[in-house]
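Have a look at the structure below, then the notes.
Protein chains: 2
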Amino acid sequence: MIEQLLKDKRLRLTSFRKEVLQVFMDNDKAIAVSDIEDALNDFDRITLYRTIKSFIEKGLIHEIVMPGDVKKLALCPTECHHEAGAHEHSHVHFQCKKCKEIFCVDVPALPKISLPNYQIDEIEIQAHGFCAGCR
Amino acid sequence: MIEQLLKDKRLRLTSFRKEVLQVFMDNDKAIAVSDIEDALNDFDRITLYRTIKSFIEKGLIHEIVMPGDVKKLALCPTECHHEAGAHEHSHVHFQCKKCKEIFCVDVPALPKISLPNYQIDEIEIQAHGFCAGCR
DNA sequence: TCATATTTGCAATATTGTTGCATTTAAATA
DNA sequence: TATTTAAATGCAACAATATTGCAAATATGA
Numbered sequence: 015m016i017e018q019l020l021k022d023k024r025l026r027l028t029s030f031r032k033e034v035l036q037v038f039m040d041n042d043k044a045i046a047v048s049d050i051e052d053a054l055n056d057f058d059r060i061t062l063y064r065t066i067k068s069f070i071e072k073g074l075i076h077e078i079v080m081p082g083d084v085k086k087l088a089l090c091p092t093e094c095h096h097e098a099g100a101h102e103h104s105h106v107h108f109q110c111k112k113c114k115e116i117f118c119v120d121v122p123a124l125p126k127i128s129l130p131n132y133q134i135d136e137i138e139i140q141a142h143g144f145c146a147g148c149r
Numbered sequence: 015m016i017e018q019l020l021k022d023k024r025l026r027l028t029s030f031r032k033e034v035l036q037v038f039m040d041n042d043k044a045i046a047v048s049d050i051e052d053a054l055n056d057f058d059r060i061t062l063y064r065t066i067k068s069f070i071e072k073g074l075i076h077e078i079v080m081p082g083d084v085k086k087l088a089l090c091p092t093e094c095h096h097e098a099g100a101h102e103h104s105h106v107h108f109q110c111k112k113c114k115e116i117f118c119v120d121v122p123a124l125p126k127i128s129l130p131n132y133q134i135d136e137i138e139i140q141a142h143g144f145c146a147g148c149r
């Protein structure tokens, strides 16, 4: 449960962190900072930004960015590794062209690709199409 | 050449647009708005933002975003299609972990992936590793 | 060359995120 | 349980990035 998740990531248990984490648990899709703000009734914006930053640093959540000023956040899968600069996922970031929502979809394995002149260590896949509800 | 590129995209030929487009031509990697600003000696910031926006709308350049507030711009390949919401690339966005530069690398074909419950129309791949110069 | 729609440049403003610092709080220790 | 201390919070100020409205300037088609 929520408290254990924070403990596992060595994050101090504060009521604000529990509230923020609850918002993530309540969503099955990636959410924007503004979605978190809407879900909280009374909060300090600076503290929220710092909370998000520490959640990211500890590998509790990850950031998803897409062209067009789309910045979202989503819970990491529990076995998620966090490395400097890049984030190792075994999932795909999918954006629905209709509802615009972004989902993290687990995949068994990512395809390997190789390029001349570039050594690829990690890849991230962003897919666009239609989700089950919008198809 | 530069003027033809603008004409092809039905963008009016203004000296400012030619200057901005020249900055893109001078670079083999993706550039940030600040890189354009540095390359221009005297300019209006608002006009630059609008120029970038119209270049993107007409499919002359495209936006590349990566986690960590990295937003860059790069010329589209000439056969580039532009669709609402997503941008069809047959190239990979590669970021070097050492020099941090982002390159658009053409690939013959992107791997096809499929997910249950999601209909994938386009995918974009973001790769991290080391470029030829930093390896 | 003229008419017109587009582009530019300026001012004001919005959005998003950060830093410094004093206060409060969680959790480790006695 | 009481005490200590390092981390987290809340406030003020600020920084970076981007947008809107509007008048003046300019590119292009007739």
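Residue numbers (our numbering), protein chains in the order written: chain D, 15 to 149; chain V, 15 to 149. We put the CB at the ideal spot given by N, CA and C, even for glycine.
Residue-chain proximity (residue i, chain V), Cβ-Cβ < 8 Å
i: Pro91 (chain D); result: no
i: Arg26 (chain D); result: no
Same chain, Cβ closer than 6 Å to residue i, five either side skipped, listed in chain order
i: Gln140 (chain V); result: His107
i: Glu115 (chain D); result: Lys43
i: Cys145 (chain D); result: Cys110
i: Phe69 (chain V); result: Ile75
i: Met39 (chain V); result: none
i: Glu138 (chain D); result: none
i: Lys72 (chain D); result: Lys23 and Leu25
i: Leu89 (chain V); result: Phe38 and Ile75
i: His96 (chain V); result: Reliability fails at His96 (chain V), whose pLDDT of 42 lies under 50, so the model's placement of it is uncertain and no value is given.
Amino acids of chain D, ordered along the chain, whose beta-carbon sits closer than 9 Å to that of residue i
i: Ala141 (chain V); result: Ile127, Leu129, Tyr132, Ile134, Asp135, Glu136, Ile137 and Glu138
Beta-carbon proximity list for residue i, same chain, < 7 Å, skipping 5 on both sides
i: His142 (chain D); result: Gln109 and Lys111
i: Lys126 (chain D); result: none
i: Lys86 (chain D); result: Ala44, Ile45, Ala46, Ile78 and Ile116
i: Thr65 (chain D); result: Phe30, Arg31 and Val34
Listed by chain order, chain D residues near residue i by CB distance under 8 Å
i: Pro122 (chain V); result: Near Pro122 (chain V) there are no residues of chain D at all, since even the closest Cβ is about 11 Å away, more than 8 Å.
i: Glu77 (chain V); result: Pro81 and Gly82
i: Ala146 (chain V); result: Asn131 and Tyr132
Sequence-distant residues of its chain with Cβ nearer than 8 Å to residue i (five each side left out)
i: Ser104 (chain D); result: Pro91, Asp120, Val121, Pro122, Ala123 and Leu124
i: Leu20 (chain D); result: Arg26, Leu27, Arg31, Lys32, Leu35 and Leu74
i: Val37 (chain V); result: Ile45, Asp49, Ile50, Ala53 and Leu54
i: Ser128 (chain D); result: Ile134
i: Cys113 (chain V); result: Cys145, Gly147 and Cys148
i: Thr61 (chain V); result: Phe30
i: Ile16 (chain V); result: Lys32, Leu35, Gln36 and Met39
i: Asp83 (chain V); result: none
i: Arg59 (chain V); result: Glu51
Partner residues on chain V for residue i, Cβ-Cβ distance less than 8 Å
i: Arg149 (chain D); result: Gln133
Interface partners of residue i on chain D, CB under 7 Å
i: Val119 (chain V); result: Leu129 and Tyr132
* Asked: How do the segment 130–143 of chain D and the segment 25–42 of chain V stand: do at least 3 beta-carbon pairs fall below 8 Å, yes or no?
  -> no
* **contact_flag[the segment 65–83 of chain V, the segment 69–87 of chain D] where n(CB pairs < 8 Å) is 3 or more** => yes
* To do: Can you give me, in chain order, the residues of the segment 104–115 of chain D that have a beta carbon less than 7 Å from any beta carbon in chain V?
  => Val106, Phe108 and Lys111
* Of all the residues that make up the segment 31–45 of chain V, which are near chain D by a beta-carbon distance shorter than 9 Å? -> none
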